[in-house]
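Some notes on the structure that comes next.
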Amino acid sequence: MDIPQVAQFLSRNIRTRMRVKNMMRLICSKCATSARKRMATPEQPKSVLQVVANVLERNHKKSVFLRNVGMHTKRSRMSAELEAEKRENAKLRLIVSI
Numbered sequence: 001m002d003i004p005q006v007a008q009f010l011s012r013n014i015r016t017r018m019r020v021k022n023m024m025r026l027i028c029s030k031c032a033t034s035a036r037k038r039m040a041t042p043e044q045p046k047s048v049l050q051v052v053a054n055v056l057e058r059n060h061k062k063s064v065f066l067r068n069v070g071m072h073t074k075r076s077r078m079s080a081e082l083e084a085e086k087r088e089n090a091k092l093r094l095i096v097s098i
């Protein structure tokens, strides 16, 4: 590498570092803002079971643990609602067909 190439390489690295620094500042400010908002709005404390259920629901869509402790995931609630809606529609179709 000659001197102009080294200078160009260093200037690119400096620009990249500055971009990374600016991006990190932006991310940190957004995190701080969201943390302030969460602190400003009081929430009901969650039970340990609710916290575990939320984590398992996010990471494992079909969790046996949640079913064993009697908690159902959002997906199963939606499917239950869907089944109820299908039954209701079937009843209405019977009425219309008569």
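Just so you know, we're using full-length UniProt numbering here: the sequence shown kicks off at 1 and counts up by one.
Backbone N, C-alpha and C define an ideal beta-carbon position, used for all residues, glycine too.
Query                                                                                                            : Result
Alanine 32 to proline 42 span [Cα, whole Å]                                                                      : 17 Å
Per-residue burial, alanine 80 [other beta carbons within 10 Å of its own, 16 or more giving buried]             : exposed
Collapsed DSSP secondary structure at glutamine 50 in the structure displayed                                    : helix
Alanine 53, buried or exposed, once every other Cβ within 10 Å from all chains shown has been counted against 16 : buried
Coil, strand or helix - isoleucine 14 by DSSP                                                                    : helix
Simplified DSSP state of glutamate 81, which is helix, strand or coil                                            : helix
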